[in-house]
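Structure, as structure tokens:
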Amino acid sequence: MKHLFNDMLGEATRLTQGGHLQAATELIQRTLRGEGPAAQAPAPARAEGGLVIDAETRVIDDAPMPDAQAPKTPKAPQPSPAETAASTEQWLQASHTHQGRQLAYRLYVPPTRPDQTGPRPLILMLHGCTQGPDDFAAGTRMNALAREAGVLVLYPEQTQHANAQKCWNWFKTQHQQHGRGEPALLASLTRQVMADHGVDASRVYVAGLSAGGAMADIMGRTYPDLFTAVGVHSGLAAGSAGSLPAALGAMRSGAQAGTASGPAVRPVIVFHGDADSTVHPANGTAVAESARSAQSAPGGPGGPGAAQVTTGRAPNQQRFTRTVHPGADGSAVVEHWLLHGTGHAWSGGSAAGSYTAPGGVDASAEMLRFFLSHQRAPVN
Numbered sequence: 002m003k004h005l006f007n008d009m010l011g012e013a014t015r016l017t018q019g020g021h022l023q024a025a026t027e028l029i030q031r032t033l034r035g036e037g038p039a040a041q042a043p044a045p046a047r048a049e050g051g052l053v054i055d056a057e058t059r060v061i062d063d064a065p066m067p068d069a070q071a072p073k074t075p076k077a078p079q080p081s082p083a084e085t086a087a088s089t090e091q092w093l094q095a096s097h098t099h100q101g102r103q104l105a106y107r108l109y110v111p112p113t114r115p116d117q118t119g120p121r122p123l124i125l126m127l128h129g130c131t132q133g134p135d136d137f138a139a140g141t142r143m144n145a146l147a148r149e150a151g152v153l154v155l156y157p158e159q160t161q162h163a164n165a166q167k168c169w170n171w172f173k174t175q176h177q178q179h180g181r182g183e184p185a186l187l188a189s190l191t192r193q194v195m196a197d198h199g200v201d202a203s204r205v206y207v208a209g210l211s212a213g214g215a216m217a218d219i220m221g222r223t224y225p226d227l228f229t230a231v232g233v234h235s236g237l238a239a240g241s242a243g244s245l246p247a248a249l250g251a252m253r254s255g256a257q258a259g260t261a262s263g264p265a266v267r268p269v270i271v272f273h274g275d276a277d278s279t280v281h282p283a284n285g286t287a288v289a290e291s292a293r294s295a296q297s298a299p300g301g302p303g304g305p306g307a308a309q310v311t312t313g314r315a316p317n318q319q320r321f322t323r324t325v326h327p328g329a330d331g332s333a334v335v336e337h338w339l340l341h342g343t344g345h346a347w348s349g350g351s352a353a354g355s356y357t358a359p360g361g362v363d364a365s366a367e368m369l370r371f372f373l374s375h376q377r378a379p380v381n
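For what it's worth, the working numbering labels the leading residue of the sequence shown as 2, then goes sequentially.
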């Protein structure tokens, strides 16, 4: 099964680089339908119109204004018994403590098959405000994709003590630095899971939605020695804000490219809906532009080549514009998907989770494709 997925990944990458985006997307989806677990029965869709900022909402614990009240958190489907004689898959629940702060998390461990040898990749997935690990896992469907690819997926859970709306504190300066605050806690958790489960240190990735997307970009900037590539969905660039007022301004109107320090920048893939009324779509552009500029800065890995722009439609006829900046070796180092007509929601997700846009571009599959096309030795 693993070699089938790798063959698909290579062919999808070739099609994407050749400009045949629709064919690549269809190949990914076709393979997953044929090889992956059965699709979940659809749950009632969440109304997109509820995802707005209420500027009059009372602020608690210096947290940004939350999105509309999230639906009741669903439970992610528990793994079924292994279908082969290989080790069973696991949906673990545990906690990690660092610098006096404890963080609960869920960890998806795919089954190990005889044809899978050596360390496996890991993705750190950071949920949005009001969400949690089970909700985020159900909405993104990342576990089903990771099962076929042999990838571990780590879902830490923000506490209401740290932020009343369970947002990652991306807008506070103490949580934007290496060795401090939430970046240090998340990096420590990631390293602990890597050690416990024999993760391949050259294939560790981070992704997130909204506030989680903003924190994912911060993690890529502050820990380039740990993360190989970054995925940001409906988020903001590292350094977009250093206070609550600045955060609200950036969310409403967009921010300039982030100013986070750190010369080493990892490949970045960005998704953002141009109808997002919660986090302005200019922020997605800022994430991509910040990464592109950092790639070409002195000390960076080398300037990206000329942008390659393609347009197309998702299965639900959602239009998109995809801009790719290739690196020196021709592989995409910055990839930006502008999702036309989409609001503040994970594109192509499942209605079983909150803040999803089922039927759109499959952000989870495209992120996984992008991530697994990048492998490197950690920076010393």
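Ideal placement from N, C-alpha and C gives every residue a C-beta, glycine not left out.
Taking only the alpha-carbon atoms, compute the straight-line gap between residue i and residue j and give it to the nearest angstrom.
i	j	result
L186	T357	27 Å
E158	W338	27 Å
Y224	Q319	35 Å
G180	R377	23 Å
V336	L237	The sequence given here places Glu at residue 336; Val does not occur at that position. Spanning the two alpha carbons is a distance of roughly 15 Å.
G328	S365	22 Å
Q309	S332	12 Å
N144	L369	11 Å
A1	T89	Residue 1 cannot be examined here, being either before or after the span of the chain that is shown, 2 to 381.
A307	D330	13 Å
E149	Y109	12 Å
I270	V288	9 Å
A242	N317	35 Å
S244	G221	21 Å
H99	T229	23 Å
H198	R192	10 Å
V280	G240	15 Å
L227	G214	17 Å
I219	V362	25 Å
Q178	A188	11 Å
T247	A147	What sits at residue 247 in the sequence shown is Ala, not Thr. Cα to Cα, A247 sits roughly 36 Å from A147.
G101	A315	46 Å
F272	S278	15 Å
T160	E290	31 Å
R446	A196	In this structure the chain extends from 2 to 381, so residue 446 is not present and cannot be described.
S235	R204	23 Å
Taking 9 Å as the threshold (beta carbon to beta carbon), is residue i in contact with chain B?
i	result
H281	In the displayed structure, chain B is absent; only one protein chain is listed.
At what residues does the alpha helix (DSSP H) containing residue i begin and finish?
i	result
E367	364–373
G344	Neither: G344 is in no alpha helix (DSSP H) and is coded neither H nor E.
P246	245–254
Over what stretch of residues does the beta strand (DSSP E) that includes residue i continue unbroken?
i	result
H234	230–234
Y146	For the sequence presented, residue 146 should be read as Leu rather than Tyr. Unbroken run through L146 is the alpha helix (DSSP H), 143–150; no beta strand (DSSP E).
S1	Since the first and last residues shown for the chain are 2 and 381, residue 1 lies out of range.
E90	Careful: E90 lies outside any beta strand (DSSP E) and carries neither H nor E.
T286	From DSSP, T286 is part of no beta strand (DSSP E) but of the alpha helix (DSSP H) over 283–297.
V110	102–110
T324	320–327
R314	309–314
G274	269–274
For residue i, which residues of its own chain have a beta-carbon under 6 Å away from its beta-carbon, when the five flanking residues on both sides are left out?
i	result
G274	L340, T343, G344
A217	L127, V207, A208, G209, V231, V233
Q103	S96
F372	Y206, A230
L125	L155, T191, V207
R107	Q94, P134, Y156
E367	none
P268	A230, V334, H375
Please work out which residues of its chain come closer than 8 Å, Cβ to Cβ, to residue i, disregarding the five sequence neighbours upstream and downstream, and give them in chain order.
i	result
V200	P120, R121, P122, L123, L153, V194
For residue i, which residues in the same chain have their Cβ closer than 7 Å to its Cβ, ignoring the five residues on either side in sequence?
i	result
A276	G342, T343, G344
S351	Q41, A139, G140, R142, T357, P359
H176	N170, G182, E183, P184
A105	S96, E158
G151	K3, P111, Q117, R121
A251	L237, S241, A242, N284
How do the segment 140–152 and the segment 346–356 stand: do at least 3 beta-carbon pairs fall below 8 Å, yes or no? yes
Counting Cβ pairs, one atom from each stretch, are 3 or more of them under 8 Å apart for the segment 88–104 and the segment 165–176? no
Using 8 Å as the cut-off, can you tell me whether the segment 148–165 makes contact with the segment 242–259, which would need three or more C-beta pairs spanning the two stretches below that distance? no
Cβ contact check for the segment 206–217 and the segment 124–135: 3 or more pairs under 8 Å: yes
What are the start and end residues of each continuous alpha helix (DSSP H) run of 4 or more residues lying completely inside the segment 113–175, in chain order? 134–141, 143–150
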